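Participant: Just passing along the structure, written as structure tokens.
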Amino acid sequence: MFSYRSLWYNIFMYQQWFPKRRFVAIAQGATLGWILAQAGLQPVKALHHPQVTTQTMLPSKAPFTRAITFRYVPTQPAQTVCVAGTFNDWNKSSYPLKLQPDGKTWVGTYAIPPGVYYYRFVINGDTWVSDPNAPGVDDGNSNINSLLVVEPEDYDRYPARVGDGVITPSAVLHHPDRSDITRLGERRFAFALRTRHNDVAQCFVLLEKANGEVTAHPMEIVLKDPLYDRWRGSVDIPSLKPIHYAFLLKDGPTTLRYDASGHLAAANTPPRWFTLQPTAYPLLVTPLWPRDAVFYQIFPDRFANGDPSNDGPDVQPWGSKPTGTNRMGGDLMGVLQHLDYLKDLGINAIYFNPLFTARSNHGYDTTDYYHVDPRFGTNALLRKLVDRVHAMGWHVILDGVFNHTGIDFFAFKSLREEGPRSPYRDWYFIYKFPIVVAEGQRTYEGWFGVPWLPKLNQANPATRDYFLHVGTYWIREAHIDGWRLDAADQVVPSFWKAFRKAVKSANPNAYLVGEIWGDAHAWLQGDEFDSVMDYPWRAAVLDFFVFDTSSPSRFDQQLAQIRDSYPPAANAVLFNLLGSHDTVRLRTLCQDNWPKERQAVLFQMTYPGTPCVYYGDEIGMEGGKDPDDRRCMEWNPKKWNRTILQFFKQAIALRRNTPALRYGDYRTIIADDASGLFGFERTWQRSRVLVLFNRSDRSLQQTLPLNEPPQSRLSSMHNFLRTLLATNRARATWKDNLLQIQLGPRGAIVLETQQAPKEPARTVLSAKTRSRVGR
């Protein structure tokens, strides 16, 4: 079955550079660059075989597009062929191809604006195939998407070579809002600037002080794609008063300034300054409890069937092969009956996939937002479960689907039955009446064109108010501790601002996690989310520990890019996951290579953020692409992988018993490409924890100087070194600030140095604690 989310993860197009302030996703550019380099490819007007022609520019300010011709010869009988991609929101029917006279070739030409896109062909409305004549990119979940690069108009006229003194004007862009400005601290801000890829040697942020003095602050490239480089520079401003800024670009003999005029100008001409209003950017404050949490994600229908009396006639035997439609009977009573199992594992927080009434087994097509689906239980049972886990000191968050509904939701049902007389016309994006619910329909907007998931118009006040009440209802009635918010990047920002205010008024410590698959800095600015599902982090971890496609230095760079994108308060509670209901399971990706899997799990439990375990990963459950990743939980202990289970328990206990791993500052101490050694430290109060990984398949011995981190509260004299966890014969000795380590292939070790007397562990963070770190 095709997974929209796994494809959506791969969107490279920089939509933040266009009129909308939001961009949906940005993957780490080096991954694509590496793929292109391995293929010996260079960006061209369209980086695949389809024919490309430049359209005649229309008068006035019509946006530039190129005519892209797609060709496909199916290898199976085809009644229809369409092309769907990030250029049409993966709509399966809006870009049809026509069968040619040869009876086998399908062709379609469409105007597409500049950008980097992913796409596939859709055969007969349900079979997705890659373009055999285009470069393919693996999204990490075994989905191969085809790549299309459409260049802007003036790329035809300008070269792209660093040092040639020529800078492509149209590529340079900055938005003076949260698209390109991030508040990182009380007076620390990050500024972003776009340039053409491989076109500019240096960029600087220019600040004008109150006395007229101008200071220059260096920027660095943090993201790349075949069209653009994204630069970022972090600056401490002198006060919270408005301040002027601009940008300086250098390439070879050329030095130009980019300012509020929106154009490049000579550096010695009078500038038109951008103005930063610091107080317009709230300082993000996040709840403290997620730092102590280890989440467990439960897909309700597949975890445990504790009450067969609520099974419908369509429920299949537990453990049947999962499909997109079948049900297995999992419910809330099953969760209640297995809380001791979760406690023994070390879990202290639960994230539930949708629990509300819906047609499907996954629940993302909600019918009734105010009632638990009867096949899962009742509202009272949910309240009982939440009260029980609260008594254990745990927390619970629910999945909120506020971007779309199911077709049986009362408002959409009214539209289907009453047509234009319905009072809910503005609740959705309706094109025409009568409403037709079918593949390929063009009567309303569905999420990614899916007709069973009509998209909500959250800019409509009545719609907004209804769902704000839903958000607070469950906080008050069931005492849940927050929300995981589905398809969050598809909802207008004004709704999330209002949602945060409403939910935080009901519970100031509620934890709000957005489902955003790429760079999410625009949503973590203090007035929307506390955290996001950190899929870029997952991609970096898999590339390094599982796929071996990243070096220690590259891995370190990717992690630093993620940390530097967000405020410290967000970094401390980012939702760090190795798998979910939308991804291939970790065990399957590792191809039964336990040492690789073990390193990824240990890294998850020692890195800053809030870790989440997908149900069953702890016993070695396998699972391919959706729906295979949603198999029934295995409750026969004889079928558990005891080695994996025991290590999960050890790693979780390590995190929960070591305050430095939950609160400590982070600093990379080594990223050695030659040996494959990667290591970091977490420092908190009098504790310093060192975590070292041998990513290679050979043993290594190495000596590391244990220099004190900058601004450390630890003295140079530590009283002892102890091993907290070691794998594959890992050993360490310490003398005279030198650490000698021995690590077996794919081995790892966690060490702690402490001063005596040891202070009691504290659970309240110092105001000075920061999670942003050096490289």
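Our numbering numbers the first residue of the sequence shown as 584 and each following residue consecutively. All C-beta atoms in this analysis are idealised placements derived from N, C-alpha and C, irrespective of residue type, glycine included. These numbers come from a predicted model, not from an experiment.
With DSSP as the reference, identify every bridge partner of Leu-839, one or two as the case may be.
Facilitator: On the sequence shown, position 256 is the one that residue 839 refers to. According to DSSP, which records beta bridges pairwise, Leu-839 is partnered with Leu-832 and Ala-849.
Participant: Asp-916 by DSSP, collapsed to three states: which one?
Facilitator: Translated into the one-based positions of the sequence shown, residue 916 becomes position 333. In the sequence under discussion, the amino acid at residue 916 is Met, which differs from the Asp named in the question. Helix at Met-916.
Participant: Find out if the Cβ-Cβ distance for the pair Tyr-1027, Val-984 is shorter than 8 Å.
Facilitator: Walking along the sequence shown from the start, residue 1027 turns up at place 444. Walking along the sequence shown from the start, residue 984 turns up at place 401. No, they are not a contact pair.
Participant: Between which two residues does the alpha helix (DSSP H) carrying Pro-1076 extend?
Facilitator: Position 493 of the sequence shown, counting from 1, holds the residue named residue 1076. Note, Pro-1076: alpha helix (DSSP H), 1076-1089.
Participant: Verify whether the separation of the beta carbon atoms of Gly-1259 and Asn-1240 is less than 8 Å.
Facilitator: Your numbering for residue 1259 matches position 676 in the sequence shown. Your numbering for residue 1240 matches position 657 in the sequence shown. The answer is no: Cβ separation not under 8 Å.
Participant: Do Ala-799 and Arg-777 have their CB atoms nearer than 8 Å?
Facilitator: If you number the sequence shown from 1, residue 799 lands on position 216. If you number the sequence shown from 1, residue 777 lands on position 194. Cβ atoms of Ala-799 and Arg-777: not closer than 8 Å.
Participant: Since Gln-880 and Cys-1195 are thought to touch, with beta carbons under 8 Å apart, how far apart are those beta carbons, to the nearest angstrom?
Facilitator: For this step, residue 880 is matched to residue 297 along the sequence shown. For this step, residue 1195 is matched to residue 612 along the sequence shown. The Cβ separation is near 6 Å, so the contact holds.
Participant: Going by beta carbon distance, what residues of the same chain come within less than 6 Å of Asn-1092, once the five residues before and after it are set aside?
Facilitator: Residue mapping note: residue 1092 aligns to position 509 of the sequence shown, counting from 1. Contacts found: Pro-870.
Participant: On the three-state DSSP scale, how would you describe Asn-958?
Facilitator: Numbered from 1 along the sequence shown, position 375 holds the residue referred to as residue 958. The identity of residue 958 in the sequence shown is Arg, whereas the question assumes Asn. DSSP places Arg-958 in coil when its eight states are reduced to three.
Participant: Can you give me the start and stop residues for the beta strand (DSSP E) that Glu-1098 sits inside?
Facilitator: Position 515 of the sequence shown holds residue 1098. From DSSP, Glu-1098 is part of no beta strand (DSSP E); its letter is neither H nor E.
Participant: With 16 other CB atoms within 10 Å as the buried threshold, where does Pro-633 fall?
Facilitator: Position 50 of the sequence shown, counted from the first residue, corresponds to residue 633. Residue placement at Pro-633 cannot be trusted, given a pLDDT of 42 that sits under 50; the coordinates are not used to answer.
Participant: Please go through the same chain and pick out, in chain order, the residues whose beta-carbon is closer than 7 Å to the beta-carbon of Tyr-693, but skip the five residues on each side of it.
Facilitator: Against the sequence shown, residue 693 aligns to sequence position 110. If we look at Tyr-693 and ignore the five residues flanking it on each side, its Cβ neighbours are Ile-651 and Tyr-678.
Participant: Counting Cβ pairs closer than 8 Å, one from the segment 764-772 and one from the segment 847-854, do we hit at least three?
Facilitator: Segments in contact, no.
Participant: With C-beta atoms as the reference, is Val-666 less than 8 Å away from Tyr-701?
Facilitator: For the purposes of this step, residue 666 is taken as residue 83 along the sequence shown, with counting starting at 1. For the purposes of this step, residue 701 is taken as residue 118 along the sequence shown, with counting starting at 1. The answer is no: Cβ separation not under 8 Å.
Participant: Check whether the Cβ atoms of Pro-697 and Pro-752 sit closer than 8 Å, and answer yes or no.
Facilitator: Here residue 697 refers to the residue found at position 114 of the sequence shown. Here residue 752 refers to the residue found at position 169 of the sequence shown. Not a contact, by the Cβ cut-off of 8 Å.
Participant: Does the beta-carbon distance from Asn-944 to Gln-1073 come in below 8 Å?
Facilitator: Locating residue 944 in the sequence shown gives position 361, where the first residue counts as 1. Locating residue 1073 in the sequence shown gives position 490, where the first residue counts as 1. Taking 8 Å as the Cβ cut-off, Asn-944 and Gln-1073 do not qualify as a contacting pair.
Participant: Using C-beta distances below 7 Å, list every residue in its chain close to Arg-1047, excluding the 5 sequence neighbours before and after it, in chain order.
Facilitator: Here residue 1047 refers to the residue found at position 464 of the sequence shown. Once the five neighbours on either side are set aside, the close Cβ partners of Arg-1047 are Gln-1041, Phe-1078 and Ala-1081.
Participant: For Val-1167 and Pro-1210, what's the separation of their Cα atoms in angstroms?
Facilitator: By 1-based counting over the sequence shown, the position of residue 1167 is 584. By 1-based counting over the sequence shown, the position of residue 1210 is 627. So the alpha carbons of these two residues sit roughly 9 Å apart.
Participant: Starting from Arg-815, follow its DSSP beta bridges and name the residues at the other end.
Facilitator: Your numbering for residue 815 matches position 232 in the sequence shown. Partner(s): Ala-775 and Glu-803.
Participant: Using a threshold of 8 Å, state whether the C-beta atoms of Tyr-1094 and Asp-1064 are closer than that.
Facilitator: By one-based count along the sequence shown, residue 1094 stands at place 511. By one-based count along the sequence shown, residue 1064 stands at place 481. For Tyr-1094 and Asp-1064, yes; Cβs fall inside 8 Å.
Participant: Would Val-1038 and Phe-1016 qualify as a contact pair, given that the criterion is a beta-carbon distance under 8 Å?
Facilitator: Position 455 of the sequence shown, counted from the start, is the residue given in the question as residue 1038. Position 433 of the sequence shown, counted from the start, is the residue given in the question as residue 1016. Before going on, a small fix: residue 1038 reads as Lys here, not Val. No, these two residues do not count as a Cβ contact at 8 Å.
Participant: Look up Leu-615 in the DSSP assignment and say whether it is helix, strand or coil.
Facilitator: For the purposes of this step, residue 615 is identified with residue 32 of the sequence shown, where counting begins at 1. With a pLDDT of 36 at Leu-615, under the threshold of 50, the modelled position of that residue is not reliable, and the figure given next carries that caveat. Helix, per DSSP.
Participant: Label Arg-1083 either buried or exposed according to how many other C-beta atoms from any shown protein chain fall within 10 Å of its C-beta, with 16 as the threshold for buried.
Facilitator: Position 500 of the sequence shown, counting from 1, holds the residue named residue 1083. Answer is buried; the Cβ neighbour count reaches 16.
Participant: When the Cβ atoms of the segment 1106-1123 are set against those of the segment 889-901, are three or more pairs found closer than 8 Å?
Facilitator: No contact exists between the segment 1106-1123 and the segment 889-901.
Participant: Got a sec? Which residues, its chain only, sit under 8 Å from Ala-1156 by beta carbon, not counting five neighbours each side?
Facilitator: The residue you call residue 1156 lines up with position 573 of the sequence shown. Residue identity check: residue 1156 is Val in the sequence provided, not Ala. Cβ within range, chain order: Thr-869, Pro-870, Pro-873, Arg-874, Tyr-1094, Asp-1113, Ser-1114, Gly-1192 and Thr-1193.
Participant: Note down the Cα distance separating Tyr-828 from Glu-796, rounded to an integer number of angstroms.
Facilitator: As a first step, residue 828 must be located in the sequence shown, where it is residue number 245. As a first step, residue 796 must be located in the sequence shown, where it is residue number 213. Distance between the alpha carbons of Tyr-828 and Glu-796: 12 Å.
Participant: DSSP three-state label for Asn-728, please.
Facilitator: Along the sequence shown, read from residue 1 onward, the residue named residue 728 stands at position 145. Asn-728: strand per DSSP, three-state reduction.
Participant: Examine the Cβ distances between the segment 741-750 and the segment 778-786 and report whether three or more of them are shorter than 8 Å.
Facilitator: Result yes; three or more Cβ-Cβ pairs closer than 8 Å.
Participant: Which residue wins for smallest C-alpha separation from Ala-1143, given the options Phe-1128, Val-1124, Leu-1161 and Val-1129?
Facilitator: Your numbering for residue 1143 matches position 560 in the sequence shown. Closest option to Ala-1143, Cα to Cα, is Val-1124.
Participant: Got a sec, what are the start and stop residues for the beta strand (DSSP E) Leu-1308 sits in?
Facilitator: Here residue 1308 refers to the residue found at position 725 of the sequence shown. First-last of the beta strand (DSSP E) with Leu-1308: 1303-1310.
Participant: I need the straight-line Cα distance from Met-1188 to Asp-1117, nearest angstrom please.
Facilitator: To locate residue 1188, count along the sequence shown from 1; it is residue 605. To locate residue 1117, count along the sequence shown from 1; it is residue 534. The alpha-carbon atoms of Met-1188 and Asp-1117 are separated by roughly 14 Å.
Participant: How big is the Cα-Cα spacing for Ile-804 and Tyr-811?
Facilitator: Residue 804 sits at position 221 when you count from the first residue of the sequence shown. Residue 811 sits at position 228 when you count from the first residue of the sequence shown. Cα to Cα, the separation comes out at about 10 Å.
Participant: In whole angstroms, what is the alpha-carbon distance linking Glu-1264 and Thr-1336?
Facilitator: One-based indexing of the sequence shown puts residue 1264 at position 681. One-based indexing of the sequence shown puts residue 1336 at position 753. Going by the C-alpha atoms only, they are around 11 Å apart.
Participant: In the DSSP assignment, what residue or residues form a beta bridge with His-827?
Facilitator: The sequence position of residue 827 within the sequence shown is 244, counting from 1. In DSSP, His-827 forms a bridge with Glu-791 and Thr-858.
Participant: With DSSP collapsed to three states, give me the class of Asn-1159.
Facilitator: Within the sequence shown, numbered from 1, the residue matching residue 1159 stands at position 576. Asn-1159: strand per DSSP, three-state reduction.
Participant: With 16 as the cutoff for other CB atoms within 10 Å, does Ser-1088 come out buried or exposed?
Facilitator: Here residue 1088 refers to the residue found at position 505 when the sequence shown is read from its first residue. When all chains shown are included, Ser-1088 counts as exposed.
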